[in-house]
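Comments concern the structure below.
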Amino acid sequence: MTSFLRSRFDVFDRRAVFITGDKIAVYHWRGGGLADGFLFEANDSGFAQFARYLEESPPHPVYLVVDVVEEEYRQDMIPHARGGDRRALIDRKLARLFRNTPYQFARVQGREKEGRKDDRLLLTALTNPDQLDPIIRLFTDNKVPLAGIFSLPMLSERLLAAIDAKAANVLLVTLHGASGLRQTFLHDNALKVSRLAKMPRYGSVSYGPHIIGELDKFRRYLVSLRLASPELPIDVFIVTGGNLIGELRHQAKPQDLVRYHLVNVADLGQRLGISGALTTPYSDVVFAHLLLESQPKNQYAPRHQTRYYRMHRTRLGMLAAAALMLFGATIWSGVNFIQGLSMRQQSIEASRKADFYRARYEVAHKRLPPTAVGPRDIEAAVNVVDLLEQYKSSPLESMRLISHALDQFPSLQLDKLDWRTGADPDATPGPGTPPAPAEAMPLPAEPGAKSYLYYQIADIEGHIAPFDGDYREALALIDGFAEALRKSGRAYRVEVVRRPLNVDSSGSLQGSAEDRLDATNADFAVRLVMGIESNGNQEG
20 MTSFLRSRFD VFDRRAVFIT GDKIAVYHWR GGGLADGFLF EANDSGFAQF
70 ARYLEESPPH PVYLVVDVVE EEYRQDMIPH ARGGDRRALI DRKLARLFRN
120 TPYQFARVQG REKEGRKDDR LLLTALTNPD QLDPIIRLFT DNKVPLAGIF
170 SLPMLSERLL AAIDAKAANV LLVTLHGASG LRQTFLHDNA LKVSRLAKMP
220 RYGSVSYGPH IIGELDKFRR YLVSLRLASP ELPIDVFIVT GGNLIGELRH
270 QAKPQDLVRY HLVNVADLGQ RLGISGALTT PYSDVVFAHL LLESQPKNQY
320 APRHQTRYYR MHRTRLGMLA AAALMLFGAT IWSGVNFIQG LSMRQQSIEA
370 SRKADFYRAR YEVAHKRLPP TAVGPRDIEA AVNVVDLLEQ YKSSPLESMR
420 LISHALDQFP SLQLDKLDWR TGADPDATPG PGTPPAPAEA MPLPAEPGAK
470 SYLYYQIADI EGHIAPFDGD YREALALIDG FAEALRKSGR AYRVEVVRRP
520 LNVDSSGSLQ GSAEDRLDAT NADFAVRLVM GIESNGNQEG
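Read left to right, the sequence shown gives residues 20 to 559 (the working numbering).
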C-alpha cells in the first residue's frame, strides 16, 4: 500500500470511499477534480492497509458511498404534514420498518393527485450494519471528518440530466468494478427501487447476453411490484464503454415495451468534465465525480458519527472569518494610510499658504499709516458692536433724546453716561452688569398701562459750567433738563437722582456766605428710562 506524506491543509480537498461487499475503493478530489485512487480488499489484510492509509493521509473529509446488496427500499404514504409533525410520522414509519439498523433514510417524493393528497415516501435502509461498523470505527479512531453515508442508487438521480434521460420510466444500468451490475428504476426522475447483481470477472465470459438476461429479470420484478406498467414502455439507459458497447448493440434489440439507449462512459466523462480518458466499461469514476462535485447532504449517517465533520466545518468557518477580518483590516489600514498621506500633504499645503498670507499681511501692515487708535481698542469696539447686535438693542434713540435735551441747556456739561437694558425699570445694576437681552420677559403691567418688552436705562452724570454759586439757577437748569426729557413723549420715566444742593425737607442746609464765592462746580445725576415695545418700537 502506497503511503502518504502529510500535505499542506487544503480546504477544498475531499475524498470518496466506496464500500462494496468485498472491496473498499478510495477516490481523491484535489484542485477541482478527481486525482489518485486506491483499492483495498475487504478482509483482515485490506482493513489493516486501509487503517494505515487513514493514519498517514491528511484529515480531509470523507463521503462514504455504500453499494451493497443489503439495501432495502419501501414505498409508503403518510398524511400531508409539515415541520415536526411530518418528521414524527416519518420516524415512526422508519422505526416500524427497520428496527435493527441505525442507517435509515426517508425522502418525500411528491403528493397524490386525488383523495387526501397524501405524501409519497421512499423509505430506505442498510439492513446489515455490521458491514459498515468496522469502517466507521476506523474513521472515529483516526478522527476523520465523515461528511455522510450515501446510497449509490440515490446518486443515480444526479446522472439523468447528464445522459438526457427525460422519459417517465427510466431503468439506469451501470457497471461497477468493485460491486457488479447496478440496475436502478426511476419514475419521474425519482428513485423507486434498485438491484445489484454480481457479474463474472470481466473478459471471462461475454457480458452482453448476461446483462440483457439480468435486465429481463429486473423488468419482470418491476411489473410484479406494480412499479412499472406492463402496458407502458421503459427506457433502458446502459452506461458502459470499450468493446462492450459494440457487443450490446447486437444484443439490445428494441421491443414493444423496452427502448434501449447506449451511453459511452468515455463520452459521459468528457461531458461531466472528468480529466483523463475513461477506457473501462465501469462507471465508478463517474459516480465519484458526481458525489464529490455536488457534495450532497448526509443520508444514512447518525449525528454522532458526523461530529468530526461538524468540527471540520466550524474550523473552516473560523478560518474564513479570520481571513475576511485580516483582509478587511488590510484594506482598512491601506485606506487609512492613504488618507494619512493625503492629510499630511494638505497640512503641508495649508502651512505654506499660512506662511504666504502672513508675509503678505506683514508687508501690507508696514505700508499702513499710523493711527491714533490701537488694534486692541479697535478690537474692543468691534466686540461692543457685536454684543449690541447679539442682544438686538441699540442706544441710538436714548442718545438722540439726551443730545436734543442738552442742546437746550448749553451750561450743562456731560461727564458720564451709563446705558443698559433690562426687564425691570427700577433696576440699579452694579459695575460690569451685562445688558439684558431683548427677548427678556416684560414685567406685568398695571391695569390700563402699556406693556413693554424691555427697558433702556440711561444714568446721566454731569456738572454745570460755568457755575457762579447760584444754586437756585442750577436747580432750575437741572429741573428744566429733566422736564425737557419728559416732554419729548418718548421717556417712560425721568428722575433727578442727585442735585448740586439737597433740597429734601428731611435734609439739613448748612453753609456760609463765603461758600458762594468758593463754589466753582455743581454736579448732578439724572436717570432716563425708555420703554421698548415689540418690533423695536419705543414709547414714553
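C-beta: ideal position from N, C-alpha, C; glycine also.
For M344, the enclosing alpha helix (DSSP H) covers residues 326–386. F66 and S248 have their C-alpha atoms spaced approximately 45 Å apart. In the displayed model, V282 falls within a strand according to three-state DSSP. Short of 6 Å from the beta carbon of Q202, and not among the five residues preceding or following it, lie these beta carbons of its own chain, in chain order: V192, R214, F237. In the structure shown, the three-state DSSP call for G227 is helix. Rounded to whole angstroms, the separation of the alpha carbons of I230 and L200 is 8 Å. According to DSSP, K42 shares a beta bridge with E60. With distances taken between CA atoms, V212 lies nearest to R245 out of A181, R245, L73.
Here D303 is buried, its C-beta having at least 16 other C-beta atoms within 10 Å. Secondary structure at V163: coil, using DSSP grouped into helix, strand and coil.
Its Cα nearest to that of A180, the residue V282 stands out among T349, A341, S422, V282. Straight through space, the alpha carbons of A378 and G359 are spaced by roughly 29 Å.
In this structure, the CA atom of S352 is about 35 Å from the CA atom of R49. In the structure shown, K435 adopts extended strand secondary structure according to DSSP, grouped into three states. Scanning the segment 82–140 from its first residue to its last, the whole alpha helix (DSSP H) runs of 4-plus residues come out as 102–116.
In the DSSP secondary-structure assignment, R517 is bridged to A544. C-alpha of A271 to C-alpha of E89: approximately 29 Å in a straight line. Around the beta carbon of V305, 16 or more other beta carbons sit within 10 angstroms, so the residue counts as buried. Residue range 262–270 is occupied by the alpha helix (DSSP H) that includes R268.
When C-beta atoms of the segment 475–485 are compared with those of the segment 433–444, three or more pairs fall below 8 Å, so the two segments count as touching. Ranking A54, R268, V255 by CA distance to the CA of D275 puts V255 first. The beta-bridge partner set that DSSP reports for Y474 consists of G441, G550.
In the DSSP assignment, R177 falls outside any alpha helix (DSSP H), carrying neither H nor E. Here the alpha carbon of R71 sits roughly 28 Å from the alpha carbon of S313.
Within 10 angstroms of the beta-carbon of M344 lie fewer than 16 other beta-carbons, which makes it exposed.
Taking a cut-off of 8 Å on C-beta distances, the segment 89–105 touches the segment 135–144, as three or more cross pairs fall below it.
Here Y380 is exposed: its Cβ has fewer than 16 other Cβ atoms, across all protein chains shown, within 10 Å.
In the DSSP assignment, the residues bridged to N188 are H206. Leaving aside the five residues that flank P121 on each side, the residues in its chain whose CB is nearer than 8 Å to its CB run, in chain order, P148, P321.
As DSSP reads the structure, H47 sits in a beta bridge with R34. Here DSSP, grouped into helix, strand and coil, assigns K236 to helix. For the pair Y327 and Y226, the Cα-to-Cα distance works out to about 43 Å. DSSP places I497 outside any beta strand (DSSP E); the residue lies instead in the alpha helix (DSSP H), whose first and last residues are 490–506. In terms of Cα proximity to P77, the closest of G102, F543, E131, V163 is V163. Buried is the label assigned to N188, since at least 16 other Cβ atoms lie within 10 Å of its Cβ. Under the DSSP definition of a beta bridge, Y301 lacks any partner.
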